[in-house]
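**Student:** Protein chains in written order, with the UniProt record's numbering: chain G, 1 to 301; chain X, 1 to 301.
Before I ask anything, let me first share the structure, which is written out below as structure tokens.
Protein chains: 2
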Amino acid sequence: MNDSLTIEQYIKRQSETIERELRRIIPLDWNIPPKLKESMRYSLEAGGKRMRPILVLAAVEALGGSVEAAMPAACAVEMIHTYSLIHDDLPAMDNDDFRRGKPTNHKVFGEAMAILAGDGLLTHAFHTALQSYRKQGIPAERMLSIIEELAAFAGIAGMVGGQAADILGEQGVTTLKELEYIHLHKTGDLIVCSLRIGGHAALASDEQLEALQQFGRNIGLAFQIQDDILDIVGDEAKLGKKTNADGQANKVTFPYFIGLEASRDKVAELTAKGKQAIQDGNFPNPERLLRLADYLMGREY
Amino acid sequence: MNDSLTIEQYIKRQSETIERELRRIIPLDWNIPPKLKESMRYSLEAGGKRMRPILVLAAVEALGGSVEAAMPAACAVEMIHTYSLIHDDLPAMDNDDFRRGKPTNHKVFGEAMAILAGDGLLTHAFHTALQSYRKQGIPAERMLSIIEELAAFAGIAGMVGGQAADILGEQGVTTLKELEYIHLHKTGDLIVCSLRIGGHAALASDEQLEALQQFGRNIGLAFQIQDDILDIVGDEAKLGKKTNADGQANKVTFPYFIGLEASRDKVAELTAKGKQAIQDGNFPNPERLLRLADYLMGREY
Numbered sequence: 001m002n003d004s005l006t007i008e009q010y011i012k013r014q015s016e017t018i019e020r021e022l023r024r025i026i027p028l029d030w031n032i033p034p035k036l037k038e039s040m041r042y043s044l045e046a047g048g049k050r051m052r053p054i055l056v057l058a059a060v061e062a063l064g065g066s067v068e069a070a071m072p073a074a075c076a077v078e079m080i081h082t083y084s085l086i087h088d089d090l091p092a093m094d095n096d097d098f099r100r101g102k103p104t105n106h107k108v109f110g111e112a113m114a115i116l117a118g119d120g121l122l123t124h125a126f127h128t129a130l131q132s133y134r135k136q137g138i139p140a141e142r143m144l145s146i147i148e149e150l151a152a153f154a155g156i157a158g159m160v161g162g163q164a165a166d167i168l169g170e171q172g173v174t175t176l177k178e179l180e181y182i183h184l185h186k187t188g189d190l191i192v193c194s195l196r197i198g199g200h201a202a203l204a205s206d207e208q209l210e211a212l213q214q215f216g217r218n219i220g221l222a223f224q225i226q227d228d229i230l231d232i233v234g235d236e237a238k239l240g241k242k243t244n245a246d247g248q249a250n251k252v253t254f255p256y257f258i259g260l261e262a263s264r265d266k267v268a269e270l271t272a273k274g275k276q277a278i279q280d281g282n283f284p285n286p287e288r289l290l291r292l293a294d295y296l297m298g299r300e301y
Numbered sequence: 001m002n003d004s005l006t007i008e009q010y011i012k013r014q015s016e017t018i019e020r021e022l023r024r025i026i027p028l029d030w031n032i033p034p035k036l037k038e039s040m041r042y043s044l045e046a047g048g049k050r051m052r053p054i055l056v057l058a059a060v061e062a063l064g065g066s067v068e069a070a071m072p073a074a075c076a077v078e079m080i081h082t083y084s085l086i087h088d089d090l091p092a093m094d095n096d097d098f099r100r101g102k103p104t105n106h107k108v109f110g111e112a113m114a115i116l117a118g119d120g121l122l123t124h125a126f127h128t129a130l131q132s133y134r135k136q137g138i139p140a141e142r143m144l145s146i147i148e149e150l151a152a153f154a155g156i157a158g159m160v161g162g163q164a165a166d167i168l169g170e171q172g173v174t175t176l177k178e179l180e181y182i183h184l185h186k187t188g189d190l191i192v193c194s195l196r197i198g199g200h201a202a203l204a205s206d207e208q209l210e211a212l213q214q215f216g217r218n219i220g221l222a223f224q225i226q227d228d229i230l231d232i233v234g235d236e237a238k239l240g241k242k243t244n245a246d247g248q249a250n251k252v253t254f255p256y257f258i259g260l261e262a263s264r265d266k267v268a269e270l271t272a273k274g275k276q277a278i279q280d281g282n283f284p285n286p287e288r289l290l291r292l293a294d295y296l297m298g299r300e301y
């Protein structure tokens, strides 16, 4: 690790390493219909902040573990994030034509292939994560915990549950409580998952896992509220999609309920709370995680 | 095990046990949107032969292992099978209104919820399988192999790949080679997977796993050709769906390429070959598996 890097340089370097890994994630010697492969790679290599795998690796660094050993598990989280975007964009769901400035998966490959690309990425994420054990020697029990975190936080009481609540919310009244459920699960759970997975890969204690969870819970919600804020005030070009899209679709957001200023205060408060959990924990090398939290709060896109 | 049961009685008893487990598969204390839960349970409890989990458990019995320990993994295979049916039935895919005589998932819950129910079942399958380790004490390394088999055979070079090839085939010319790829992966892989998972759960040797794979590969293809045959000659009521549906959609089948009689011979030949692999292997208790193969070949629905 090179501590002289600015946080922006660090994020750039980490995301380049992750991009490189993601390009190799589909085994060359596997017999896969080319169109399916193309469709998965289209979305997997479409850019994005790679925040989730960066958080996995930052948690590993905070604990002084092996970044290399955790890399397959980190890629698995990004694959799950990518599948969720492909399915979310489908006509039956959010019906989005663009994502990160490019046509969405189903616009390019058709709905059937987009559904299968999502299914494929989700399933292959579990196979990819396992390489942290098969190739990198993470202990079997820790590997099983990583699989369990993925299945739980990305699953029916996690990300899928959050997405279902979001879809159902659009069909009726949404309360602040329901909005919190959606934020907590649709976005927050995979962020918490990333941090806990990094923890397991670096052999974290239960107390350290709990601190990582607290950190993730708080910055995850802050991240989502920041997204809501940027959706109102953000710059179209930077976001790569139309701003105020949620408002147009009558989708409720945090600023809708508590106003823009209180939402900004909430982001700062949650970020501070998240950082405190790490500072109070026993982490040999917490700096990067703490700076990431500040960076995420201050981002403009 | 009660060896005095006929194979029909055995199947009935096993499938009742599996049905009971499946009804408890979604944890009561998990916070899940009720509609999502309802949608998953609708398809999971819609009946079916439960052939895949029965094969998992029969492989365990053939090796003298613990059926109870393998049960969570067996349910996981059925959950993956169920998710694949929900997604296959979607308008963008096969666009089916009925499945097993009941309206398909998206006809009842809408497309968005059907996509999410499938995603949820797939993700939760991995969590469910893990209970063979957490609650039943299967060794960690074997549990990781079970996860790996699920992710590989249900994944991009397995079931999802087969489904993609099927969808792409409908859009163009299909050769016998492509049809074999589709059969091998869309249906066959999850059957092979079931047998290998049963093997791992019962601590099979590499040779035993290979024999189970050969058995699965052959009866899996036989099963699919038998389905093609029944689709032409079968009775609508027994199948719970319109017969000759594939023919109507100009979908190529084995009988289409080689004729009905040669297809029947092929089913018998594959079944014999599959049984031989088990008979040549070193299985303490192979009877049930062998009788299951005969039963599947002779079935009329």
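All residues carry an ideal CB built from backbone N, CA and C; glycine is no exception.
At least one CB of chain X closer than 8 Å to the CB of I156(G): is that the case?
**Tutor:** Interface residue, yes.
**Student:** Name the residues in the region 173 to 206 of chain X whose C-beta lies less than 9 Å from a C-beta of chain G; which are they?
**Tutor:** Of all residues in the region 173 to 206 of chain X, Y181 and H185 have a Cβ within less than 9 Å of some Cβ in chain G.
**Student:** What separation, rounded to the nearest whole angstrom, lies between the Cα atoms of R20(G) and L292(G)?
**Tutor:** So the alpha carbons of these two residues sit roughly 21 Å apart.
**Student:** Residues of chain G with a CB under 7 Å from the CB of Q213(X): which are they?
**Tutor:** Those within 7 Å of Q213(X) in chain G number zero; the least Cβ separation is about 16 Å.
**Student:** If you measure between the beta carbons of I167(X) and A92(G), is that distance less than 8 Å?
**Tutor:** For I167(X) and A92(G), no; Cβs fall outside 8 Å.
**Student:** I'd like the span of the alpha helix (DSSP H) that includes S194(X), first residue to last.
**Tutor:** Start and end: D189 to A201.
**Student:** Which runs of the alpha helix (DSSP H), 4 residues or longer, sit entirely within the region 75 to 113 of chain G?
**Tutor:** Counting whole runs of 4 or more residues, the region 75 to 113 of chain G contains the alpha helix (DSSP H) stretches 105 to 109.
**Student:** Is it true that the CB of G158(G) sits closer than 8 Å to the CB of A152(G)?
**Tutor:** Cβ atoms of A152(G) and G158(G): closer than 8 Å.
**Student:** Tell me which residues share the same chain as M1(G) and place their Cβ nearer than 7 Å to its Cβ, disregarding the 5 neighbours each side in the sequence.
**Tutor:** The predicted model places M1(G) with a pLDDT of 49, which falls under 50 and marks its position as unreliable; any figure quoted below should be read in that light. Result list for M1(G): E61, in chain order.
**Student:** Please list, in chain order, all residues of the same chain as M40(G) whose beta carbon is under 7 Å from its beta carbon, the five residues on each side excluded.
**Tutor:** For M40(G), where only same-chain residues beyond five positions count, the Cβ hits under 7 Å are I26, A117, G120 and L121.
**Student:** Can you pull out the residues from the region 122 to 150 of chain X whose beta carbon lies closer than 9 Å to at least one beta carbon of chain C?
**Tutor:** Absent from the structure: chain C. Protein chains present are G and X.
**Student:** Quick one: using the 10 Å Cβ neighbour count with 16 as the cut-off for buried, is P34(G) buried or exposed?
**Tutor:** That one is exposed.
**Student:** Consult DSSP for K49(G) and reduce its assignment to one of helix, strand or coil.
**Tutor:** K49(G): coil per DSSP, three-state reduction.
**Student:** Does any CB atom of chain X fall closer than 8 Å to the CB of Q163(G)?
**Tutor:** Cβ-Cβ to chain X under 8 Å: yes for Q163(G).
**Student:** Are the CB atoms of R50(G) and S15(G) within a distance shorter than 8 Å?
**Tutor:** Contact: yes.
**Student:** Quick one: is A237(X) buried, meaning 16 or more other Cβ sit within 10 Å of its Cβ, or exposed?
**Tutor:** Per-residue confidence for A237(X) stands at a pLDDT of 49, beneath the threshold of 50, marking its modelled position as unreliable; no derived number is given.
**Student:** Check whether the Cβ atoms of A262(X) and M297(X) sit closer than 8 Å, and answer yes or no.
**Tutor:** No.
**Student:** Check whether the Cβ of K107(G) lies closer than 8 Å to any Cβ atom in chain X.
**Tutor:** Not one chain X Cβ lies under 8 Å of K107(G).
**Student:** Report the rounded CA-to-CA distance for A211(X) versus P72(X), giving the unit in angstroms.
**Tutor:** Roughly 23 Å separates the two Cα atoms.
**Student:** T128(G) to I156(X), Cα distance in whole Å?
**Tutor:** Roughly 12 Å between the two C-alpha positions.
**Student:** Which residues, taken in chain order from the region 71 to 82 of chain G, show a beta carbon closer than 9 Å to some beta carbon of chain X?
**Tutor:** Cβ contacts with chain X come from I80.
**Student:** Of all the options L144(X), N105(X) and I80(X), which has the alpha carbon lying nearest to the alpha carbon of R125(X)?
**Tutor:** Going by the sequence as given, residue 125(X) is Ala instead of Arg. Taking only the C-alpha atoms, the option nearest A125(X) is I80(X).
**Student:** In whole angstroms, give me the CA-to-CA distance for K266(G) and D228(G).
**Tutor:** If you take the alpha carbons of K266(G) and D228(G), they lie about 12 Å apart.
**Student:** Please identify the residue among V160(G), E45(G), G281(G) and E149(G) whose C-alpha is closest to the C-alpha of R24(G).
**Tutor:** Here the closest residue by C-alpha is E45(G).
**Student:** So, is the C-beta of N218(X) closer than 8 Å to a C-beta in chain G?
**Tutor:** Answer no: the Cβ-Cβ gap between N218(X) and chain G never drops below 8 Å.
**Student:** Along chain G, in chain order, which residues have C-beta atoms closer than 8 Å to that of I167(X)?
**Tutor:** The answer, in chain order, is A112, M113 and L116.
**Student:** State yes or no: is the beta carbon of P103(X) nearer than 8 Å to at least one beta carbon in chain G?
**Tutor:** Chain G contact via Cβ: absent.
**Student:** Helix, strand or coil for L22(X)? Go by DSSP, reduced to three states.
**Tutor:** Correct three-state label for L22(X): helix.
**Student:** Identify the continuous alpha helix (DSSP H) that holds G155(G) and give its terminal residues.
**Tutor:** G155(G) -> no alpha helix (DSSP H), and no H or E assigned at all.
**Student:** Does the CB of V160(X) have a neighbour CB from chain G at under 8 Å?
**Tutor:** Answer yes: the Cβ-Cβ gap between V160(X) and chain G drops below 8 Å somewhere.
**Student:** By the 10 Å Cβ neighbour count, where 16 or more other Cβ atoms means buried, how is V192(X) classified, buried or exposed?
**Tutor:** The residue in question, V192(X), is buried, as its Cβ has 16 or more Cβ neighbours within 10 Å.
**Student:** Whose C-beta lies closer than 8 Å to the C-beta of L179(G) among residues of the same chain, with five residues either side of it excluded?
**Tutor:** Result list for L179(G): G169, V252, T253, F254 and F257, in chain order.
**Student:** Roughly how many angstroms lie between the CA atoms of H200(G) and Y295(X), to the nearest whole one?
**Tutor:** Straight-line Cα distance between these residues: approximately 46 Å.
**Student:** Using the three-state DSSP reduction, which class does I232(G) fall into: helix, strand or coil?
**Tutor:** Helix at I232(G).
**Student:** Return the first residue and the last residue of the alpha helix (DSSP H) that Q131(G) is part of.
**Tutor:** Here the alpha helix (DSSP H) through Q131(G) covers Q131 to R134.
**Student:** Please report the straight-line C-alpha distance between P286(G) and Q208(G), rounded to a whole angstrom.
**Tutor:** Cα to Cα, the separation comes out at about 11 Å.
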